Amino acid sequence: MKLITRNTDYAIRALCYIAKNEKKVLSVKGLVKESKITKPFLRKILQHLNKKGFLKSTRGKGGGFVLMRKPGLIRVREVIEAFQGKIQLSEHVFIKRLCPHIKVCKLKKALDGIEKNAIRVLNSITIKDLIKNLAR
């Protein structure tokens with residue numbers, strides 16, 4: 157099981173690079189060069205980030221992408237959920253129905269605690285935190 161998929165990882169990397177260059181409109185070409193991600197794949201990720209409201213795109217000469225929000229207001233949890241859906245360790249489903257033992261299941265209680273902690277930590281990390289850590 158992967159907590160963060162390749163798409164999410166690349167999205168976070170792209171957001172960090174754009175955030176580091178906050179005053180500039182960054183082209184896909186420039187982002188490809190910096191990120192070493194193939195152009196078609198990166199374009200798909202950037203379009204999804206644009207659709208989800210993380211980025212604003214402009215077309216034409218001098219066009220590219222800028223952040224829609226300050227880096228300190230973009231949480232890693234939000235990016236993960238934009239690409240992967242709600243963070244959930246277990247659905248507790250048994251033959252396409254909710255498990256009948258859900259109310260007394262010790263494993264569910266343990267997983268729920270882990271899930272809450274993971275969400276809390278991921279919600280506390282922003283793009284600003286990540287680019288600050290990269291500069292060290």
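For the record, in the sequence shown the residue sitting at position 57 is 213 according to my numbering, with numbers rising by one throughout. Ideal placement from N, C-alpha and C gives every residue a C-beta, glycine not left out. Every value quoted in this text rests on a predicted model; they were computed, and no experiment measured them.
Indicate the three-state DSSP secondary structure (helix, strand or coil) for residue i in the structure shown.
i, result
"R231", "strand"
"T164", "helix"
"K212", "strand"
"L171", "helix"
"L223", "strand"
"L159", "coil"
"L245", "coil"
Could you tell me how far apart the beta carbons of residue i and residue j are, in whole angstroms, since I believe they sit closer than 8 Å?
i, j, result
"K200", "N206", "Contact doesn't hold; Cβ gap of about 11 Å is too wide."
"V235", "I168", "6 Å"
"V181", "L202", "That pair is no contact at about 12 Å."
"S246", "K264", "7 Å"
Within 10 angstroms of its Cβ, does residue i collect 16 or more other Cβ (buried), or is it exposed?
i, result
"A266", "exposed"
"G219", "exposed"
"L187", "buried"
"T194", "exposed"
"L198", "buried"
Can you find the residues in the same chain that come closer than 6 Å, C-beta to C-beta, to residue i, ignoring five residues on each side of it along the sequence?
i, result
"Y173", "E190"
"L286", "C172"
"A238", "K208"
"Y166", "I193, I201"
Can you name, in chain order, every residue of its own chain whose Cβ lies under 8 Å from the Cβ of residue i, other than the five neighbours on each side?
i, result
"Q111", "This structure cannot speak to residue 111, because the chain is shown only from 157 to 292."
Whose C-beta lies closer than 7 Å to the C-beta of residue i among residues of the same chain, with five residues either side of it excluded?
i, result
"T161", "F239, Q240"
"T164", "V235, I236, F239, Q240"
Task: Three CB pairs or more closer than 8 Å across the stretch 263-282 and the stretch 227-234 - done: yes
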